[in-house]
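Some notes on the structure that comes next.
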Amino acid sequence: MRKLILALVTLVGVALLIDFGAAAWSEYRVSRALREGGALTADPAVTIHGFPFLTQARSGHYENVEIRAQGVPSGTLGDITIEANLIGAHADAGELLDGSIRTVPVDLLYGRVMIDATELGQLYGIPDLQVSAPPADKSDGTGGSGGSGRTTAGGVVLTGTVPVGPVSAEVSVQANLLLEGDTVRIVASDLYFGPEGQADFTVPDLLKPTVLGLFTTTIEPQNLPFGVRPTAVEARGSTIVIEGEAHQTTIDLEEVQRL
1 MRKLILALVT LVGVALLIDF GAAAWSEYRV SRALREGGAL TADPAVTIHG FPFLTQARSG
61 HYENVEIRAQ GVPSGTLGDI TIEANLIGAH ADAGELLDGS IRTVPVDLLY GRVMIDATEL
121 GQLYGIPDLQ VSAPPADKSD GTGGSGGSGR TTAGGVVLTG TVPVGPVSAE VSVQANLLLE
181 GDTVRIVASD LYFGPEGQAD FTVPDLLKPT VLGLFTTTIE PQNLPFGVRP TAVEARGSTI
241 VIEGEAHQTT IDLEEVQRL
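Just so you know, we're using full-length UniProt numbering here: the sequence shown kicks off at 1 and counts up by one.
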């Protein structure tokens, strides 16, 4: 009986190694195809979720393929992070394993661009910019937008050192995230002294519009993965996330980043 149990355990172990090995090799081949086709500076991280992998490969249907590429050049924002989730991806196992795969039909595609405080500070010209997401106040049904366009979160708190009259001071402001077409606008609406901010400097009323203007900017349309159109923008922790989705589409692995 002990020999039988040992044999079964060994067999399961070998099967797991084969399954994980096949998954890892397929992830590597997809990563290389994405890097070469998308002119990326490094191999993106590719994870094929779901177990066992070989069952998915046999059916040609993959539950969720996650792609993440860091350090992607993006004009005035510097290097950003792009992500994509391929929900219900369809691919032939042979093409996946030998690296010849180029196009992938997908039931549902999520694509996003992630901009952290460093990149956003570069756009603003505020090197010490900090970003945090405050509790949403959606009492007006717009998430506190107070203006035209579409905001998908309560807003964001921005903190940084800016000129306040003749001196430089650390100031926190409440800003709204607006998606207008493919363009994101960050509009500072008021000074902020809540727990998410780190500034207690009181700005004179006369200088308040000027200071708020220093925290208001426009983020030009970003290249979401595989040409997905943006449909939402929100703050997640210290990161601004622009994302979109597409249904029943076919992606080209050589166009992860459409320039």
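Idealized CB from N, CA, C, for every residue including glycine.
- Per DSSP, ASN223 has no beta-bridge partner at all.
- Note on geometry: alpha-carbon atoms of GLY60 and LEU17 lie some 20 Å from one another.
- Counting the other CB atoms within 10 Å of its CB gives ALA57 a total of 16 or more, which places it among the buried residues.
- Bounds of the alpha helix (DSSP H) holding PRO209 are 208 to 214.
- Segment contact: the stretch 88 to 103 against the stretch 212 to 221, fewer than three CB-CB distances shorter than 8 Å; contact not assigned.
- Around the beta carbon of THR250, fewer than 16 other beta carbons lie within 10 angstroms, which makes this residue exposed.
- Secondary structure note for GLU170: its beta strand (DSSP E) is the uninterrupted segment 167 to 180.
- Between LEU120 and LEU129, the C-beta spacing is below 8 Å.
- For GLU83 against MET114, the beta-carbon gap comes to about 7 Å, under 8 Å, which counts as contact.
- Where TYR124 is concerned, the enclosing alpha helix (DSSP H) starts and stops at 117 to 124.
- About 11 Å separates the beta carbons of ASP43 and ARG29, which is beyond the 8 Å limit, so they are not a contact pair.
- Taking VAL256 as reference, the option from ILE240, VAL228 and ARG236 with the minimal CA-CA separation is VAL228.
- DSSP places LEU86 inside the beta strand (DSSP E), whose first and last residues are 79 to 90.
- No Cβ-Cβ contact shorter than 8 Å links VAL157 with ILE240.
- In the DSSP assignment, MET114 forms a beta bridge with THR81 and VAL241.
- One thing to note: PHE226 has its Cβ no nearer than 8 Å to the Cβ of GLY88.
- Taking the CA atoms as reference points, GLY237 sits about 10 Å from ALA117.
- Distance from LEU123 to VAL106 at the Cβ level is roughly 32 Å; contact not present, criterion being Cβ atoms closer than 8 Å.
- DSSP places VAL233 in the strand class (E or B) of the three-state scheme.
- Going by beta carbons, LEU97 and ALA69 fall outside the 8 Å limit.
- In this structure, the alpha-carbon of ILE242 lies about 11 Å from that of GLU220.
- For GLY21, the secondary structure class from DSSP, reduced to helix, strand or coil, is helix.
- Exclusion of the five residues before and after SER74 leaves ILE80 as the residues of its chain whose Cβ lies within less than 6 Å of its Cβ.
- In the DSSP assignment, LEU253 falls outside any alpha helix (DSSP H) and carries neither an H nor an E.
- For TYR192, DSSP records no beta bridge to any residue.
- Beta-bridge pairing by DSSP links GLY160 to VAL171.
- Within the same chain, Cβ atoms closer than 6 Å to the Cβ of ILE67 are found at PRO44, VAL46 and ALA84, the five residues on either side in sequence being excluded.
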